[in-house]
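Worksheet: the structure to be examined is printed underneath.
Numbering (UniProt numbering), first residue to last: 1 to 367.
What follows is the structure in structure tokens.
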């Protein structure tokens, strides 16, 4: 070593780098649960404040106690049930038919030009029911999962997976909201809003009495007054979010499709998947109305193909068989098989002509 110069430190061992990466990933996974723990702690405290401090210790009328306790526990159980299902229902990923074969992956990696890559992808997607494209008209391809993306499927950078009919990744449930759990998420918003509104409505008179010193100062005063403030605050935020998702359901859109309208082979159309209010509602909640208000899976379809009144039969794609019986499976979660409805068994035709377009394969984590 020459005078005046410091020797460069030795590079870290590969094992040390791998171990540090594993520790970092575990810490990140733990941090992802912080919002869920926050909501859970608020929920536990609200249960104690309402049941113990308000109903059992403050209310004096027996009939009022019984009615409030019964109604409260109904809203509480529906809230917990839908929240649990939203958190722990695994997002559905594209089936193996959408994954490139080993030979196709090798061909794609060997081809340096976008046009040649698109030719490989067109061959792989020939028998797949896909009708949306990238902005350049290319086949939608995920270079991380090595698959052709089904319609309305996007890659989540947090989960590092492609999610069927992805709406968004929600930190409050530490899960991707998509085809498999969107109904549960919508019911979670509805029941959490009803839960907060019920608490605010039944707590209001006691809040006013404590505020005006109509009741003596007790330990219940803090809990009852803060409970009303919390319920009112959450009601305002939840009402706007729930209203927004009700609008999405009525238009058969996802959050991602609001920001980036789906692109079909002939044009972009923000309402390309809309079938009318009634059919849009059944796409999420199913045909059997007895299951609409329960957090059980009843959505129509398989998450890979969707009916649309916009596009005609794509000459490059296989038609959807009228008698197709699709199953909704995930690696560790099984969904009931759903026969496709008449509107899903074929695509309405129009007089537009199709032209061959090509472009580079879609890159990026989210698309």
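Quick reminder that beta carbons are idealized off the backbone N, C-alpha and C, glycines included.
* With contact counted as at least three CB pairs below 8 Å, one residue from each stretch, are the segment 43-53 and the segment 215-225 in contact? -> yes
* Sort 23, 27, 77 by Cα distance to residue 295 and report the nearest one. => Against the chain shown, residue 295 aligns to sequence position 295. Among 23, 27, 77, the Cα nearest to that of residue 295 is on 77.
* Asked: Between which two residues does the beta strand (DSSP E) containing residue 161 stretch?
  -> Taking the first residue of the chain shown as 1, we reach residue 161 at position 161. It spans 161-163 - the beta strand (DSSP E) in which residue 161 sits, taken as one unbroken run.
* Compute the Euclidean distance between the alpha carbons of residue 209 and residue 69, then round it to the nearest angstrom. => Taking the first residue of the chain shown as position 1, residue 209 is located at position 209. Taking the first residue of the chain shown as position 1, residue 69 is located at position 69. Cα to Cα, the separation comes out at about 20 Å.
* To do: Out of 289, 154, 136, 112, state which residue places its alpha-carbon closest to the alpha-carbon of residue 94.
  => As a position in the chain shown, residue 94 is number 94, starting the count at 1. Checked all of 289, 154, 136, 112; the closest Cα to residue 94 is 154.
* **CB-CB length for residue 75 against residue 191, believed under 8 Å** => Along the chain shown, one-based indexing puts residue 75 at 75. Along the chain shown, one-based indexing puts residue 191 at 191. Rounded, the Cβ-Cβ distance is 6 Å, consistent with contact.
* Measure the C-alpha to C-alpha separation of residue 307 and residue 275 and round it to an integer number of angstroms. => Residue mapping note: residue 307 aligns to position 307 of the chain shown, counting from 1. Residue mapping note: residue 275 aligns to position 275 of the chain shown, counting from 1. Straight-line Cα distance between these residues: approximately 8 Å.
* Since residue 261 contacts residue 255 with CB under 8 Å, what's their CB separation in whole angstroms? -> Translated into positions along the chain shown, residue 261 becomes position 261. Translated into positions along the chain shown, residue 255 becomes position 255. Going by Cβ atoms, the distance from residue 261 to residue 255 rounds to 12 Å, so no, they are not a contact pair.
* Answer yes if the segment 93-112 comes into contact with the segment 168-181, meaning at least three C-beta pairs across the two stretches below 8 Å, and no otherwise. => no
* Asked: Under a Cβ-count criterion, where at least 16 other Cβ atoms within 10 Å of its own Cβ denotes burial, should residue 257 be classed as buried or exposed?
  -> Within the chain shown, residue 257 is the residue found at index 257, counting from 1. When all chains shown are included, residue 257 counts as buried.
* Option nearest residue 185 by Cα separation, candidates 166, 83, 103 -> Here residue 185 refers to the residue found at position 185 when the chain shown is read from its first residue. Residue 83 is the option with its Cα nearest to residue 185.
* Taking the C-alpha atoms as reference points, what is the distance between residue 126 and residue 196? -> Taking the chain shown and counting its residues from 1, the one referred to as residue 126 is at position 126. Taking the chain shown and counting its residues from 1, the one referred to as residue 196 is at position 196. Residue 126 and residue 196: Cα-Cα distance of roughly 50 Å.
* To do: For my contact list, residue 92 and residue 164 are in at a C-beta cut-off of 8 Å; report their separation, rounded to the angstrom.
  => Residue numbering aside, residue 92 sits at position 92 when the chain shown is read from its first letter. Residue numbering aside, residue 164 sits at position 164 when the chain shown is read from its first letter. The Cβ separation is near 4 Å, so the contact holds.
* CB contact flag (residue 249, residue 281, <8 Å) -> On the chain shown, position 249 is the one that residue 249 refers to. On the chain shown, position 281 is the one that residue 281 refers to. For residue 249 and residue 281, yes; Cβs fall inside 8 Å.
* **Proximity to residue 152 [Cα-Cα], best of 144, 168, 146** => Reading the chain shown from its first residue, position 152 is the one you call residue 152. Residue 152 has its Cα closest to that of 168, out of 144, 168, 146.
* Could you name the residues that DSSP lists as bridge partners for residue 147? => Walking along the chain shown from the start, residue 147 turns up at place 147. Its beta-bridge partners are 99, 142.
* By a C-beta neighbour count over all protein chains shown, 10 Å radius and 16 as the cutoff for buried, is residue 372 buried or exposed? -> No answer is possible for residue 372: the residues shown for the chain start at 1 and end at 367.
* Exposure of residue 253, with buried meaning 16 or more beta-carbon neighbours within 10 Å -> What you label residue 253 is simply residue 253 of the chain shown in a count that begins at 1. By the 10 Å Cβ count, residue 253 comes out buried.
* Asked: Exposed or buried, which one is residue 183 when buried takes at least 16 other CB atoms within 10 Å?
  -> If you number the chain shown from 1, residue 183 lands on position 183. The residue in question, residue 183, is buried, as its Cβ has 16 or more Cβ neighbours within 10 Å.
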